[in-house]
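Just below is one structure, and these are the notes that go with it.
There are 4 protein chains.
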Amino acid sequence: MVLSSDQASEIEQQQSRSSSTRRVVSKGMEHHLFDPKPVLDHGFIRVIDYMGDDGAIAQAARVSYGIGTKSVQNDEGLIRYLMRHAHTTPFEMCEVKLHVKLPVFVARQWIRHRTANVNEYSARYSILDREFYFPKPENISTQSATNNQGRGEPLAAVDAERVLEILKTDASRCYDNYEVMVSQDDQFGIARELARMNLPANIYTQWYWKIDLHNLFHFLKLRADSHAQFEIRAYADELCNIVADWVPVAFRAFQDYQLGAVVLSAQMVTALKSMLQGEDVSRETSGMSAREWREFSAEFIAAKS
Amino acid sequence: MVLSSDQASEIEQQQSRSSSTRRVVSKGMEHHLFDPKPVLDHGFIRVIDYMGDDGAIAQAARVSYGIGTKSVQNDEGLIRYLMRHAHTTPFEMCEVKLHVKLPVFVARQWIRHRTANVNEYSARYSILDREFYFPKPENISTQSATNNQGRGEPLAAVDAERVLEILKTDASRCYDNYEVMVSQDDQFGIARELARMNLPANIYTQWYWKIDLHNLFHFLKLRADSHAQFEIRAYADELCNIVADWVPVAFRAFQDYQLGAVVLSAQMVTALKSMLQGEDVSRETSGMSAREWREFSAEFIAAKS
Amino acid sequence: MVLSSDQASEIEQQQSRSSSTRRVVSKGMEHHLFDPKPVLDHGFIRVIDYMGDDGAIAQAARVSYGIGTKSVQNDEGLIRYLMRHAHTTPFEMCEVKLHVKLPVFVARQWIRHRTANVNEYSARYSILDREFYFPKPENISTQSATNNQGRGEPLAAVDAERVLEILKTDASRCYDNYEVMVSQDDQFGIARELARMNLPANIYTQWYWKIDLHNLFHFLKLRADSHAQFEIRAYADELCNIVADWVPVAFRAFQDYQLGAVVLSAQMVTALKSMLQGEDVSRETSGMSAREWREFSAEFIAAKS
Amino acid sequence: MVLSSDQASEIEQQQSRSSSTRRVVSKGMEHHLFDPKPVLDHGFIRVIDYMGDDGAIAQAARVSYGIGTKSVQNDEGLIRYLMRHAHTTPFEMCEVKLHVKLPVFVARQWIRHRTANVNEYSARYSILDREFYFPKPENISTQSATNNQGRGEPLAAVDAERVLEILKTDASRCYDNYEVMVSQDDQFGIARELARMNLPANIYTQWYWKIDLHNLFHFLKLRADSHAQFEIRAYADELCNIVADWVPVAFRAFQDYQLGAVVLSAQMVTALKSMLQGEDVSRETSGMSAREWREFSAEFIAAKS
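Protein chains in written order, with the numbering used here: chain E, 5 to 309; chain F, 5 to 309; chain Z, 5 to 309; chain W, 5 to 309.
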């Protein structure tokens with residue numbers, strides 16, 4: 005990620021500003037404000053604004069319980085209780101606004117999370133920069149043989165280089181022609197909304213994205229998961245670091261009860277209880293599908309021996 | 005539930021209508037159309053319209069997979085896979101529209117499910133009927149000693165009757181005075197939007213409510229749960245019966261992977277694995293709170309012995 | 005509105021707190037923070053937190069236009085342009101969190117605005133206070149003869165007093181019996197979730213309510229309108245004052261292009277153009293319904309003479 | 005648009021199916037079911053399912069008014085009243101499910117409408133077809149000189165042909181290399197989720213898209229507008245034809261009160277009233293911005309003379 009001197013000085017100015025406020029402040033989040041965290045080769049995430057902290061979650065819950073904000077009840081215990089029992093509305097009382105720079109194919113996955121607010125750079129209005137995502141060679145992998153929508157093994161180094169060569173050459177030529185099409189100087193000068201159709205999906209775009217903490221946790225559960233595409237996971241992982249500093253108690257609860265949790269089907273519960281009583285269980289008698297059984301036994305049968 | 009003769013004949017007319025359509029039809033749902041299922045003393049649920057069936061869920065998923073609707077892949081296997089892996093968008097492709105008559109205090113819980121469409125009877129525009137919910141004596145219970153928002157033991161029969169007497173007397177007087185206030189005949193004739201403020205929360209209202217199947221499952225998971233208030237659970241249980249006939253395969257998957265599922269925290273997974281290896285676990289070493297441990301041991305320690 | 009000494013000291017403490025932040029601050033909003041603005045007889049609105057200011061709206065828009073935050077383009081011109089052309093997403097980038105105390109029948113209208121976050125006082129968990137809304141005598145009016153869901157003329161003073169007497173007596177008795185039912189001291193001690201059904205709709209509840217500025221403007225457009233019920237309008241009017249201090253430029257644009265705007269149907273545009281050319285127009289040739297014509301002529305025919 | 009024989013026979017089969025149902029049926033919509041309407045060079049829209057008709061809108065509104073479905077009140081009058089007064093919830097009671105094939109850059113605009121359900125073809129799971137959108141020569145235009153995000157004059161024919169040549173050559177080479185990268189036959193066989201990043205934004209994708217009628221009208225108001233990009237407007241225009249057959253009364257109301265309506269700001273109303281009284285108005289005294297005045301005078305000053 006290379007910042008232009010304009011961008012760098014704007015960020016410096018934002019970070020040097022300090023005002024007095026009566027609002028609740030998250031000390032851990034203040035340090036992140038405006039700072040661009042590099043993601044992938046040219047992308048970044050930076051926090052533009054936030055509302056609330058761990059205390060604000062507990063305070064909102066206490067409105068429901070009618071016990072006032074002075075209660076000595078432990079915030080951490082309350083927040084963990086809320087997370088464990090899927091009492092999600094108090095988590096909606098925190099909000100964060102991010103500035104994200106990301107490849108278009110990542111943006112297309114990201115935007116499927118509908119309960120959020122977005123202002124994206126408009127390629128109808130402005131000309132996109134010549135910035136493309138090219139994976140590191142070690143991240144170029146074959147199609148997975150077992151997971152129809154995932155990656156398998158990394159390519160041999162020489163093959164990875166050849167793939168990169170293709171990606172770079174095509175991106176470069178497409179962008180050259182994009183410039184030829186939009187340029188007004190002795191060129192075609194066609195509408196930007198038309199010319200952009202020539203740009204491949206690894207070009208970078210950027211947006212402001214605002215979301216409440218409950219919906220952000222849902223995003224992170226899906227996108228920081230090992231089955232998520234590597235490129236969006238890179239953003240989700242960086243976001244996890246930010247959230248851990250913003251609302252440390254809520255984030256630990258999220259890790260324990262969501263990210264690191266295991267959902268057992270009715271059939272799995274029955275099987276586990278049998279196993280605890282010393283009985284043997286098998287796929288045939290378990291009522292599970294082949295794939296379910298594979299997941300279940302990887303987690304619990306292996307553990308048994 | 006007593007229907008007026010007008011209502012009864014309107015329902016009869018709706019049910020006798022039959023048209024030809026090219027749309028997918030759920031045979032199990034057609035039988036439910038327009039039929040009011042009694043809930044509580046004066047309430048009902050009736051299906052006004054629906055879109056889609058089990059096949060429509062699979063078909064939408066196949067668009068994502070690009071495998072066409074002709075695929076021989078088993079619908080049931082696909083639907084169970086979608087439910088298990090929280091691939092929720094295909095379930096959003098089914099929709100149902102209900103006519104519900106319910107007490108106001110139930111309506112206030114119900115409306116918290118925001119991703120739905122609602123048209124409620126307007127007490128600004130029209131005069132509410134004299135219909136109140138009064139619980140059966142055996143459903144009048146004390147405040148729970150262990151659950152701060154639930155019920156404990158049923159009252160003694162004589163006390164339950166006295167409570168009912170209070171509820172009936174107050175409802176009756178409030179409604180009498182509501183009539184006095186709104187009536188134009190030698191009475192005050194005040195605006196309905198004002199007079200309604202005198203009506204207690206057990207008066208019945210009604211609405212059309214439309215929701216997609218994914219969000220309906222979320223509603224049922226929370227409201228058909230044993231911790232839900234008895235009165236809203238009565239509606240959720242009736243709805244479960246309807247959904248089981250509408251999309252039987254999806255409903256079974258919902259039962260196995262949602263309603264009957266158990267979520268294990270990271271700490272619980274660790275404890276279970278220890279137990280499977282024959283080790284003893286205790287609350288002290290488990291990292292669980294007292295309440296978590298109580299829930300965990302009720303489910304799995306009891307099972308072990 | 006009477007605050008308990010506990011509440012008063014909690015508010016004083018919240019207001020005396022001051023922290024340093026790098027976030028944007030709205031000076032006009034800081035003064036409102038935590039301060040309860042009285043609405044109706046016992047209700048209030050107070051701002052608990054906010055995110056963004058006028059500048060944040062312009063900044064989000066500039067991400068779309070790719071012109072950077074340093075642009076000399078005038079914020080006010082940009083914000084008015086956005087409002088005029090229904091470019092609503094930049095307004096979603098501001099957020100406000102309110103604590104509201106309001107009668108239940110107002111809460112039932114309010115909650116119909118679905119794109120918001122809510123934590124309401126739980127009458128399953130806690131006992132509601134003995135606080136009811138009683139209108140001022142001059143606000144007790146007859147049912148409107150022309151508007152099926154509105155108010156007409158105020159009642160004669162003596163009649164208004166009699167209506168108030170009814171409301172007060174019924175509320176008092178219902179609450180007495182609520183206490184008898186929930187009290188554990190030699191009383192029935194029934195579950196709060198049951199006993200609350202005896203409480204009329206003018207009892208006060210309270211909640212935290214969080215919403216983005218775009219959706220708040222939509223709320224205000226509907227609820228600060230002259231056709232809204234007087235009681236919810238009292239809250240909307242107070243909110244308008246707050247928003248005017250928070251984002252003064254956006255609020256003026258909202259007044260000019262939304263609140264004070266007039267929507268002309270295709271038929272009205274045609275009629276107006278004829279009138280401007282000196283032609284007479286009549287309902288018969290206008291294609292308008294009787295009601296449309298009434299509204300149109302009140303606005304424009306009266307103006308002509 | 006060329007259908008494969010598989011697709012053609014599947015559509016034929018869907019259209020030949022006929023079932024009996026008790027649900028309301030829209031005769032005008034039944035004819036459209038499953039039929040692919042060509043849009044752009046390879047795209048289409050086809051209706052997969054629908055719920056409701058004009059009568060269903062009126063019926064839902066009558067629940068609010070408590071006047072029963074037997075009322076003799078005129079459906080058309082009621083629907084026009086609802087549309088005129090922005091009583092939007094009854095329109096949410098109708099729903100439509102579409103199968104749409106569209107270029108990726110159109111899909112990116114389309115998806116910004118968040119209140120809808122989507123299942124898109126997954127390029128992680130499947131290989132995209134070699135189908136790209138290329139505009140007709142007469143639709144290739146210069147960047148607008150007055151509208152920063154629109155099109156100006158068409159290019160000279162010879163230049164348009166050269167632009168098309170660029171678009172076709174780049175698309176073809178990018179797709180060739182996409183195939184080289186994903187192919188398993190003696191090629192790289194890299195993961196599809198990676199290889200797709202080489203594909204330009206004019207490649208076609210497809211999805212199922214489901215939305216309620218109120219939100220569909222909002223989509224059409226923005227996307228059938230003359231300021232919308234030509235390519236998405238082509239879809240919106242086709243959709244208008246479908247909706248006009250599905251709910252003809254609601255669609256006419258939408259045309260009169262939304263599509264063809266004009267919103268006057270507070271300042272414009274004042275100016276118009278002055279003009280009706282024979283006074284001259286000027287931009288200076290009107291309080292309008294230059295752009296507002298241009299729009300206003302184009303509509304109403306020109307009409308006056």
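From the three backbone atoms N, C-alpha and C, an ideal C-beta is built for every residue, glycine too.
{"Asked": "In terms of residues, what are the limits of the beta strand (DSSP E) holding TYR54 (chain Z)?", "Found": "47-55"}
{"Asked": "Considering only residues of the stretch 96-142 of chain E, which uninterrupted beta strand (DSSP E) runs meet the minimum length of 3 residues and lie entirely inside it, listed in chain order?", "Found": "99-107, 121-124"}
{"Asked": "Express the C-alpha separation of VAL110 (chain F) and GLU235 (chain F) in angstroms, rounding to a whole number.", "Found": "7 Å"}
{"Asked": "Closer than 8 Å by C-beta to THR119 (chain W): which residues in its own chain qualify, once you throw out the five before and the five after it? Chain order, please.", "Found": "ILE215, ASP216, ASN219"}
{"Asked": "Mind pulling the alpha helix (DSSP H) runs of 4 or more residues that sit fully within the stretch 232-294 of chain W?", "Found": "234-250, 252-258, 270-280, 287-290"}
{"Asked": "In chain W, which residues lie with their C-beta within 8 Å of the C-beta of ASP260 (chain Z)?", "Found": "SER269, ALA270, GLN271"}
{"Asked": "Can you tell me the Cα-Cα spacing of GLU124 (chain E) and TYR85 (chain W), whole angstroms?", "Found": "37 Å"}
{"Asked": "With 7 Å as the threshold, decide whether the Cβ of ALA238 (chain E) is near any Cβ in chain W.", "Found": "no"}
{"Asked": "Using beta-carbon positions only, say whether ILE83 (chain Z) and ALA254 (chain Z) come within less than 7 Å of one another.", "Found": "yes"}
{"Asked": "Classify VAL167 (chain Z) as helix, strand or coil using the three-state DSSP reduction.", "Found": "helix"}
{"Asked": "Could you check if MET201 (chain F) is buried or exposed, using at least 16 other CB atoms within 10 Å of its CB as the buried criterion?", "Found": "buried"}
{"Asked": "So, helix, strand or coil for LEU37 (chain F), using DSSP?", "Found": "strand"}
{"Asked": "Please decide whether CYS178 (chain E) counts as near chain W, where near means a Cβ-Cβ distance under 7 Å.", "Found": "yes"}
{"Asked": "Find the nearest neighbour of ASP39 (chain W) within the set W:GLN19, W:ASP57, W:ASP45, W:GLU96, judged by alpha-carbon distance.", "Found": "W:GLN19"}
{"Asked": "Using the rule of at least 16 other Cβ atoms within 10 Å of the residue's Cβ for burial, across every protein chain shown, is THR173 (chain E) buried or exposed?", "Found": "exposed"}
{"Asked": "Have a look at ARG227 (chain E) and ARG237 (chain E) and give me their C-alpha separation to the nearest angstrom.", "Found": "5 Å"}
{"Asked": "Between MET55 (chain F) and chain W, is any beta-carbon pair separated by less than 7 Å?", "Found": "yes"}
{"Asked": "For ILE194 (chain W), which of helix, strand or coil comes out of DSSP?", "Found": "strand"}
{"Asked": "Given a cut-off of 7 Å, decide if MET97 (chain W) and ALA64 (chain W) are closer than it, judged by their beta-carbon atoms.", "Found": "yes"}
{"Asked": "DSSP state of GLN188 (chain F), grouped into three classes?", "Found": "coil"}
{"Asked": "Do LYS105 (chain F) and TYR208 (chain F) have their beta-carbon atoms positioned less than 7 Å apart in this structure?", "Found": "yes"}
{"Asked": "With DSSP as the reference, label SER23 (chain W) as helix, strand or coil.", "Found": "strand"}
{"Asked": "To the nearest angstrom, report how far apart GLU99 (chain E) and ALA270 (chain Z) are at their CA atoms.", "Found": "41 Å"}
{"Asked": "Residues in the same chain with beta-carbon distance under 6 Å from ALA248 (chain Z), minus the five sequence neighbours each way, listed in chain order, please.", "Found": "PHE255"}
{"Asked": "Let me make sure I understand the geometry here. Which of F:ALA62, F:PRO107, F:ASP10, F:PRO141 has the alpha-carbon closest to that of GLU169 (chain F)?", "Found": "F:PRO141"}
{"Asked": "What does TRP114 (chain W) touch in chain F if you count any residue whose Cβ is under 9 Å from its own?", "Found": "Under the 9 Å cutoff, chain F gives no residues; its nearest Cβ is about 15 Å from TRP114 (chain W)."}
{"Asked": "Measuring CB to CB, does ARG196 (chain Z) end up less than 7 Å from VAL186 (chain Z)?", "Found": "yes"}
{"Asked": "Tell me which residues of the stretch 141-153 of chain Z have at least one Cβ-Cβ distance to chain F shorter than 9 Å, keeping chain order.", "Found": "ASN143, ILE144, SER145, THR146, GLN147, SER148, ASN152, GLN153"}
{"Asked": "What is the DSSP secondary structure of ASP216 (chain F), reduced to helix, strand or coil?", "Found": "strand"}
{"Asked": "Compile a chain-ordered list of the residues in the stretch 209-227 of chain W whose CB is closer than 8 Å to at least one CB of chain F.", "Found": "GLN210, TRP211, TYR212, LYS214, ASP216"}
{"Asked": "Do GLU157 (chain Z) and SER145 (chain Z) have their C-beta atoms closer together than 7 Å?", "Found": "yes"}
{"Asked": "For SER8 (chain E), which of helix, strand or coil comes out of DSSP?", "Found": "coil"}
{"Asked": "Can you tell me which of the three DSSP states GLN153 (chain E) falls into?", "Found": "coil"}
{"Asked": "According to DSSP, is SER145 (chain W) helix, strand or coil?", "Found": "strand"}
{"Asked": "Between the alpha carbons of VAL88 (chain F) and GLN262 (chain E), how many angstroms are there, rounded?", "Found": "It should be noted that the sequence gives Arg, not Val, for residue 88 (chain F). Using only the alpha carbons, I get a separation of about 15 Å."}
{"Asked": "Put THR92 (chain Z) into one of helix, strand or coil per three-state DSSP.", "Found": "coil"}
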